[in-house]
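Accompanying notes for the structure given below.
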Amino acid sequence: MAIHNNEIASALERLADLLDIEDANPFRVRAYRNAARTVGGYSRSMADMVEHGEDLSKLPEIGKDLADKIKTMVETGKLPVLNEAESRTPPALSDLMKIEGLGPKRVKILYQHLDIHSLEDLKRAANKGKIRELEGFGKKTEAMIKQRVERYSGAEKRTKLLVAQEVASALIKYLKRSQGVKQITVAGSYRRRKETVGDLDILVSAKKGSTVMTRFVNYEEIIEVISQGKTRSTVRLQSGLQVDVRVVPQVSYGAALHYFTGAKAHNIAVRKLGVKQGYKINEYGVFEDDKRIAGKTEAEVYQAVGLPYIEPELRENRGEIEAARKGKLPQLITQDELCGDLHAHTKASDGHHSLRQMAEAAAQLGYQYLAITEHSHRVTVANGLDKTRVLKHIKEIDKLNAQLDDIQLLKSIEVDIMEDGSLDLPDDVLAQLDLTVCSVHYKFNLSRTQQTERILKAMDNPHFNILGHPSGRLINEREPYDVDLERLMQGAKERGCFVELNAHPDRLDLTDDACLLAKEIGLKVAISTDAHSTNDLDFMHFGIGQARRGWLTADDVINTRPLNQLKRLLRRD
Ligand code: DGT
Ligand code: CA
Ligand code: CA
Ligand code: ZN
1 MAIHNNEIAS ALERLADLLD IEDANPFRVR AYRNAARTVG GYSRSMADMV
51 EHGEDLSKLP EIGKDLADKI KTMVETGKLP VLNEAESRTP PALSDLMKIE
101 GLGPKRVKIL YQHLDIHSLE DLKRAANKGK IRELEGFGKK TEAMIKQRVE
151 RYSGAEKRTK LLVAQEVASA LIKYLKRSQG VKQITVAGSY RRRKETVGDL
201 DILVSAKKGS TVMTRFVNYE EIIEVISQGK TRSTVRLQSG LQVDVRVVPQ
251 VSYGAALHYF TGAKAHNIAV RKLGVKQGYK INEYGVFEDD KRIAGKTEAE
301 VYQAVGLPYI EPELRENRGE IEAARKGKLP QLITQDELCG DLHAHTKASD
351 GHHSLRQMAE AAAQLGYQYL AITEHSHRVT VANGLDKTRV LKHIKEIDKL
401 NAQLDDIQLL KSIEVDIMED GSLDLPDDVL AQLDLTVCSV HYKFNLSRTQ
451 QTERILKAMD NPHFNILGHP SGRLINEREP YDVDLERLMQ GAKERGCFVE
501 LNAHPDRLDL TDDACLLAKE IGLKVAISTD AHSTNDLDFM HFGIGQARRG
551 WLTADDVINT RPLNQLKRLL RRD
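Residue numbering for the sequence shown follows the UniProt record's numbering, beginning at 1 and increasing consecutively.
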């Protein structure tokens, strides 16, 4: 059975958590965490690489020892060191570390003093007021824990798009090998590029007598077949993800694709338009009386109700039908319109690759420029750059640029926005950079007014260019900080600053709604990957999906501009 990268990554992550609680050597812990990140974000499957006899120790952050461990996991599904750690320490303790604000130190205290093993124990202890009595916790911390546990366990579990993509592509590859299959598409929220999916909806067109359904319900990764029929089956996979498969004849493919892509509210609105014209629209086609007049393609369905084709990312009943009717649909941005990426890290701070490796990978993607935005030093990253190292960074980029033909590296820093709204580097240093990405990386819990003022004040600095990951959220893990995003966007627009749409699949920050807001305000957006390795540069398509959900066009995005135009846009005076 093929193990997915995300399963390997979460085993490594869990191992790191448990070792952390045990006070193991911090370098060892870090090695596992870095490896988890590499594997989790890698574009190719470890299982596949092992199968082809490729050397995993060539991957960033993966040494010989880790390569062997991953290979064992691929071959046996087990990570023996993890099992050992689990036998020494209650395994659920690593779940506790998922609660924001609980690190290994605190988890250990909770375990040793209150015998807390699980989220349930934690909730009970918090409700009984036991936690405040512990040294270093107090009433406020207890209240925070209580709130976060509730939010964490009450949250509807939706799957991040990166994980869904990994599961879906393996399944599609498997299904394609069935006899009689013509077309396969993952529809539903996945096709609309929502940042998380509730389940996967796979649509298949096949010849009569195709084996696809039998093959599907025999997929190795299924843990439960929820329902099974000739044209529709639902299963749950080991990853926890539920999958619906529907098989339709070719003549109905477009209508079915339209139906199962949704969103439901969009479908209903289209169906209503049909009714007005005397048509019935369902997943089998568009019907006039009992005669099918359209349904082979989605375009036919739209045409039948007098509309141009509407892209899946727009189908949320957020005004797209109205816009389509008036011929005012946006020309959504596509990835090939990008000229570069404006947020990337190298080994100099917390990335995995060298300047040259990052430059070559970006050139491979056809980019004209890549901004190297090393972290600044004071707060968030142990290895952030101080003034001296920033000056060295600038020199190194100048030197490398002189040797590069196809691509330019832009001299940049991801500068921390300090609590008082100042920037984490002196102005005379910032002045020597091509651009800055300025981010909030600590003090997330300020009041809405304080947080908003803090960031607006930072934007007053004439060297502030792009507000990095504007809400600070991590999908399913950390809520956004409380901030008046509309005021921030207005403020950015007035000052000649921009906001980032961070394309990392754990962030996707801006949300789709926030993109719509930026567009309404007339504020331009930078779509950037925040790459920490050459592979991460491939995250761009997630950002593009989100931007398209937010109706953004090439004109709304600054990194669609060639370098000279970009430089002009970035000038604030
Ligand atoms: P999810 O899975 O929660 O991320 O969201 P979706 O949009 O994938 O929703 P899902 O899986 O429940 O259904 C897939 C699509 O099927 C949905 O986008 C539209 C269509 N659909 C489901 N139920 C209905 C319905 O009652 N009426 C109509 N018109 N369409 C429906
Ligand atoms: Ca779905
Ligand atoms: Ca579904
Ligand atoms: Zn950052």
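Built from N, CA and C at the ideal position, the CB exists for glycine as well.
Boundaries of the beta strand (DSSP E) in which residue i is found, first to last residue
i	result
residue 439	435-439
residue 251	Unbroken run through residue 251: none, as it is neither H nor E.
residue 296	Neither: residue 296 is in no beta strand (DSSP E) and is coded neither H nor E.
residue 502	498-502
residue 526	525-528
residue 285	285-288
residue 182	181-186
residue 411	408-416
residue 236	232-237
Buried or exposed (CB count within 10 angstroms, at least 16 for buried), residue i
i	result
residue 104	buried
residue 75	exposed
residue 27	exposed
residue 167	buried
residue 227	exposed
residue 201	buried
residue 505	buried
residue 479	exposed
residue 267	buried
residue 298	buried
residue 218	exposed
residue 590	The displayed coordinates of the chain run from 1 to 573. Any statement about residue 590 would go beyond what the structure contains.
residue 441	buried
residue 448	exposed
residue 529	buried
residue 509	buried
Simplified DSSP assignment, three categories, for residue i
i	result
residue 244	strand
residue 83	helix
residue 482	coil
residue 553	strand
residue 545	helix
residue 6	helix
residue 267	helix
residue 531	strand
residue 353	coil
residue 340	strand
residue 258	helix
residue 291	strand
residue 197	strand
residue 369	strand
residue 140	helix
residue 75	helix
residue 599	Nothing in the structure corresponds to residue 599, since the chain is present only between 1 and 573.
Whether residue i touches residue j by CB criterion (8 Å)
i	j	result
residue 384	residue 375	yes
residue 248	residue 256	yes
residue 541	residue 502	no
residue 465	residue 497	yes
residue 9	residue 39	yes
residue 283	residue 233	no
residue 552	residue 435	no
residue 390	residue 425	yes
residue 175	residue 148	no
residue 519	residue 558	no
residue 5	residue 49	no
residue 316	residue 263	yes
residue 467	residue 517	no
residue 361	residue 421	no
residue 113	residue 90	no
residue 576	residue 13	What the structure shows of the chain is the stretch from 1 to 573, and residue 576 is not part of that stretch, so it cannot be assessed.
residue 206	residue 180	yes
residue 119	residue 15	no
residue 400	residue 413	no
residue 293	residue 302	no
residue 429	residue 387	yes
Boundaries (first-last residue) of the alpha helix (DSSP H) holding residue i
i	result
residue 578	Since the first residue shown for the chain is 1 and the last is 573, residue 578 is missing from the structure and cannot be characterised.
residue 564	563-570
residue 34	26-40
residue 111	104-114
residue 460	448-460
residue 388	387-403
residue 621	Coverage of the chain is limited to positions 1 through 573, which leaves residue 621 absent and any answer about it impossible.
Distance cut-off 7 Å: residue i Cβ against heavy atoms of ligand 5
i	result
residue 272	No copy of ligand 5 occurs in the structure displayed; its ligands are ligand 1, ligand 2, ligand 3 and ligand 4 alone.
Quiz prompt | Residues whose Cβ lies closer than 6 Å to any heavy atom of ligand 3, in chain order | solution = 188, 199, 201 and 244
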